[in-house]
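Colleague: Quick one: the structure is below, questions incoming.
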Amino acid sequence: MVRLNLLLLAVLVLCALSLVTSRHQARKLFVELEREQARSHGYETEFGQLQLEQSTWAMPVRVEKIARVELKMQIPGPRRIEVVPGEVLR
Amino acid sequence: MTGLSAALKRAAPAPDLPRFRAPVVFGVLLLLFAVLVARSLYLQWIDNVFLQEQGSSRFSREIDVPAHRGRIVDRSGEPLAISTPVKSIWAFPGQVEAAPEKLALLARALETTPQALAKKLNDGSDFVFLAKQVPPEVAERVAALKLKGIHDQNEYRRFYPAGEMASHIVGFTGDRDVGQEGIELTQQEWLGGKPGSRRVIINRRGDVVEDVESIRAPQAGRELSLAIDARLQYLAFRELKAAVELHKAKAGGLVILDAQTGEILALANWPTYNPNARNRVAREKMRNRALTDVFEPGSTLKPFTIAAALESGAVRPDTVIQTAPGFLTLGPNTIHDAHPNGALTVEQVIQKSSNVGAAKIALSLPSATLWQMLSDAGFGTAPNTGFPGEVAGRLRPAKTWKPIEQATMAYGHGISVNLVQLARAYTVFSSDGELKPATLFKGSGAVAGRPVIKADTALAVRRMLELAVGPGGTAPKAQVPGYRVAGKTGTAHKLEGRGYTNKYVSSFVGFAPASGPRLIVAVMIDEPSAGAHYGGEVAAPVFSTVMGSALRTLGTPPDAPSDNVILPAEGSAVREET
Chain Z
1 MVRLNLLLLA VLVLCALSLV TSRHQARKLF VELEREQARS HGYETEFGQL QLEQSTWAMP
61 VRVEKIARVE LKMQIPGPRR IEVVPGEVLR
Chain E
1001 MTGLSAALKR AAPAPDLPRF RAPVVFGVLL LLFAVLVARS LYLQWIDNVF LQEQGSSRFS
1061 REIDVPAHRG RIVDRSGEPL AISTPVKSIW AFPGQVEAAP EKLALLARAL ETTPQALAKK
1121 LNDGSDFVFL AKQVPPEVAE RVAALKLKGI HDQNEYRRFY PAGEMASHIV GFTGDRDVGQ
1181 EGIELTQQEW LGGKPGSRRV IINRRGDVVE DVESIRAPQA GRELSLAIDA RLQYLAFREL
1241 KAAVELHKAK AGGLVILDAQ TGEILALANW PTYNPNARNR VAREKMRNRA LTDVFEPGST
1301 LKPFTIAAAL ESGAVRPDTV IQTAPGFLTL GPNTIHDAHP NGALTVEQVI QKSSNVGAAK
1361 IALSLPSATL WQMLSDAGFG TAPNTGFPGE VAGRLRPAKT WKPIEQATMA YGHGISVNLV
1421 QLARAYTVFS SDGELKPATL FKGSGAVAGR PVIKADTALA VRRMLELAVG PGGTAPKAQV
1481 PGYRVAGKTG TAHKLEGRGY TNKYVSSFVG FAPASGPRLI VAVMIDEPSA GAHYGGEVAA
1541 PVFSTVMGSA LRTLGTPPDA PSDNVILPAE GSAVREET
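Chains Z and E are the protein sequences, given in the same order. Numbering-wise, my numbering puts 36 at position 36 of the first sequence, and it's gapless, one number per residue. Numbering-wise, my numbering puts 1066 at position 66 of the second sequence, and it's gapless, one number per residue.
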């Protein structure tokens, strides 16, 4: 009887300890999860900002200005356009 | 004590205590004890809310989970409106205790001067915003200073990359990211995110240590794809702005529709405003004129009169109409042609834009027939594009028409329309007689329209509209090298108060390529005042540039050899009055 009780006590202590460790593990993992979630939120934010930046750089007004002023490009007049009929390409 | 009781005993002998006294006292005590037990059981099992709340408020917190507002993008996914998180920094001035050098650091972090900062902190209020909607980096630098009484809060700020070009359609949001104008307003349900909340357990330092439950899952706003094509929108805006400035006009509008689906690919207005910085912008500039303002369309309406006549069998394209001597008298009123023509075929009535011809054709029809045609083409009913505050225009019931009204209606007076309505009505001619729904939202391919006229009639009118743009027509300046173009000019006197003034609305509506229409472009210039005012001189060149560039941008193959275009010489166009 005593031996059974001792055995049960040992099992109980073991269970209690494992509860403590698993609880601790859970907390630690949770903190990590929180951190990752914050990071993903941060990336989302950054993605939005980068999209904004991209569309600012790619604004047609800016592209046109660079094409006209810096690269000295121009739209060809109708006389300088030659139309290649579709049948010829095929 | 013993002395006292001894004295009492001496004064009066101990009375005979009733025998039930002890049990009663005991019973009362037991009862009180039972009450306590009952109360504690009650608190434990039945009325446990209050105490549990008190307990949990010591360690659990409900925190908000923010939700994004959805983006608005154009048809190819280019952003037109994006929300990005920002922070606002505020303070309780009474609680701020910081050394001057700390405040100097704070001022540097906020990119302001220590003096300006001190002024804000000492203006006597309990609560003050130090900086509104700053980038998260700035807020981090402020937080790093760890100053007492200085706090920040999360907010979202909406940015509009297309700025003033698309502001009338997209609209803008107000405080707390709620739509106030345009699509932002009508699509609030779709775009708006619903912030969620969750319950967590925090430790002594306020860090979250455990997630208990999700009370409300955050619902992010959904993305909305508009039918707008950002490239065409830019083209439309640029050319419209240039034209309004060139002709010193009061306002202008330009609409590009997909000729097959009716989707609105571009919609530009002038004047406009920048939605990213709209402090003190006049309401006047915020109006989406193309949808909320009406004007008398003038000759751009003539094709519908002709279509009604062709459809009813009253005339054929080669029927001859006598328009000499260039005016038509109906009771006290007289209708004039800007340039008297002789006998014209129905085709030439459109080509030369003869008012007398159109009026005579209209008068040969029952008024109900003409009304039905105009009503079927969408006039008098709001175009239902999904934009707030769009107007229906005015098309009076046929029964009330007097002959003079029926005659003027034939060339677009006595009826009012908005620009989108007018552009949409032309889908009747650009498709095979079907009126397509005009929409601001991206659709998925072919749309069934409502049949209005027979395909033959549509084709016949399309041919006439091609003649109007060709040599001898009213709008050779609308030609686009490489493409066959069909369209109609309009020059209407403006109605102010009770009569017509010498101010004009110049317009042009047309589509290309005529062999298989891809785009419809409608241009309207309000009160051009730099000399020219004819639709063929003011609006047609805008049409030509926009249509040409748009077709090239979309890669539409040319349907006319580019060497057969007769580039119109100055002043060669036939002028028209309405």
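Note that beta-carbon positions come from the ideal geometry of N, C-alpha and C, so glycine has one too.
Mind checking if E:Val-1208 is an interface residue toward chain Z, Cβ cutoff 8 Å exclusive?
Modeller: yes
Colleague: Is it the case that the Cβ atoms of E:Thr-1439 and E:Gly-1386 are separated by a distance below 8 Å?
Modeller: yes
Colleague: Quick check: what's the CA-CA separation for E:Met-1527 versus E:Val-1244?
Modeller: According to the sequence shown, residue 1527 of chain E is Glu rather than Met. Their Cα atoms are separated by approximately 9 Å.
Colleague: Using a Cβ-Cβ cutoff of 9 Å, what residues of the stretch 40 to 57 of chain Z are near chain E? List them in chain order.
Modeller: His-41, Gly-42, Glu-44, Thr-45, Gly-48, Gln-49, Gln-51, Leu-52, Gln-54, Ser-55, Thr-56
Colleague: To the nearest angstrom, how far is the alpha carbon of E:Ser-1431 from that of E:Gly-1163?
Modeller: C-alpha of E:Ser-1431 to C-alpha of E:Gly-1163: approximately 33 Å in a straight line.
Colleague: Under 7 Å Cβ-Cβ, which residues of chain E neighbour Z:Pro-95?
Modeller: Residue 95 of chain Z is absent from the model: chain Z starts at 1 and stops at 90.
Colleague: Which one of E:Val-1485, E:Ala-1410, E:Ser-1040, E:Ser-1083 has the shortest CA to CA distance from E:Ala-1307?
Modeller: When each option's Cα is compared against that of E:Ala-1307, the closest is E:Ala-1410.
Colleague: Taking contact to mean 3 or more Cβ pairs, one atom from each stretch, closer than 8 Å, check whether the stretch 1234 to 1243 of chain E and the stretch 1184 to 1195 of chain E are in contact.
Modeller: Segments in contact, no.
Colleague: From which residue to which residue does the beta strand (DSSP E) around E:Arg-1157 run?
Modeller: 1150 to 1159
Colleague: Out of curiosity, what's the CA-to-CA distance linking E:Leu-1041 and E:Leu-1030?
Modeller: 16 Å
Colleague: Where are the alpha helix (DSSP H) runs, 4 residues long or more, that stay fully inside the stretch 1056 to 1090 of chain E, in chain order?
Modeller: none
Colleague: Give the list of continuous alpha helix (DSSP H) stretches no shorter than 4 residues that lie fully inside the stretch 1297 to 1376 of chain E.
Modeller: 1302 to 1312, 1346 to 1352, 1355 to 1363, 1367 to 1376
Colleague: Name the chain Z residues that come within less than 7 Å of E:Asp-1211, Cβ to Cβ?
Modeller: Phe-30
Colleague: Please classify Z:Ile-75 as buried or exposed, where buried requires at least 16 neighbouring CB atoms within 10 angstroms.
Modeller: Exposed, since its Cβ has fewer than 16 Cβ neighbours within 10 Å.
Colleague: Could you tell me if E:Thr-1300 is buried or exposed, where buried requires 16 or more neighbouring beta carbons within 10 angstroms of its beta carbon?
Modeller: buried
Colleague: Under 8 Å, Cβ to Cβ, is there at least one residue of chain Z near E:Pro-1085?
Modeller: yes
Colleague: Roughly how many whole angstroms lie between the Cα atoms of E:Leu-1374 and E:Arg-1278?
Modeller: Cα-Cα distance, rounded: 39 Å.
Colleague: Is the shortest distance between the beta-carbon of Z:Arg-3 and the beta-carbons of chain E less than 8 Å?
Modeller: Using beta-carbon distances, Z:Arg-3 does not count as an interface residue toward chain E, since no partner is under 8 Å.
Colleague: In chain order, what residues of the same chain lie with their CB nearer than 8 Å to the CB of Z:Arg-90, ignoring the 5 residues before and after it?
Modeller: Because Z:Arg-90 sits at a pLDDT of 44, beneath the cut-off of 50, its placement in the model cannot be relied upon, and the point is left open.
Colleague: Return the residue from the list E:Leu-1459, E:Leu-1467, E:Arg-1069, E:His-1168 that minimises the CA-CA distance to E:Leu-1191.
Modeller: E:Arg-1069
Colleague: Of all the options E:Ala-1091, E:Ala-1139, E:Lys-1503, E:Phe-1026, which has the alpha carbon lying nearest to the alpha carbon of E:Lys-1119?
Modeller: E:Ala-1091
Colleague: Under 8 Å between C-beta atoms, does E:Tyr-1411 make it to chain Z?
Modeller: At a cut-off of 8 Å, the C-beta of E:Tyr-1411 has no neighbouring C-beta in chain Z.
Colleague: For E:Ile-1215, does the three-state DSSP call read helix, strand or coil?
Modeller: DSSP places E:Ile-1215 in strand when its eight states are reduced to three.
Colleague: With a threshold of 16 other CB atoms inside 10 Å of the CB of E:Met-1524, please say whether the residue is buried or exposed.
Modeller: buried
Colleague: Quick one: any contact between the stretch 1272 to 1292 of chain E and the stretch 1165 to 1180 of chain E, if contact means 3 or more CB pairs under 8 Å?
Modeller: yes
Colleague: Excluding the 5 residues preceding and the 5 following E:Gly-1548 in the sequence, name in chain order all residues of the same chain whose CB lies nearer than 6 Å to its CB.
Modeller: Val-1480
Colleague: Are the beta-carbon atoms belonging to E:Leu-1519 and E:Gly-1487 less than 8 Å from one another?
Modeller: no
Colleague: Does the beta carbon of E:Tyr-1234 come closer than 8 Å to any beta carbon on chain B?
Modeller: Protein chains in the displayed structure are Z and E, and chain B is not among them.
Colleague: Per DSSP, E:Asp-1258 is paired with what?
Modeller: Per the DSSP secondary-structure output, E:Asp-1258 pairs in a beta bridge with E:Leu-1519.
Colleague: Do we get a CB-CB distance below 8 Å when we pair E:Arg-1231 with the residues of chain Z?
Modeller: Yes, E:Arg-1231 counts as interfacial toward chain Z.
Colleague: In the structure shown, what three-state DSSP assignment does E:Pro-1557 receive?
Modeller: It is coil, neither helix nor strand.
Colleague: Are E:Ile-1595 and E:Val-1134 touching if we call contact CB-CB under 8 Å?
Modeller: Residue 1595 of chain E is absent from the model: chain E starts at 1001 and stops at 1578.
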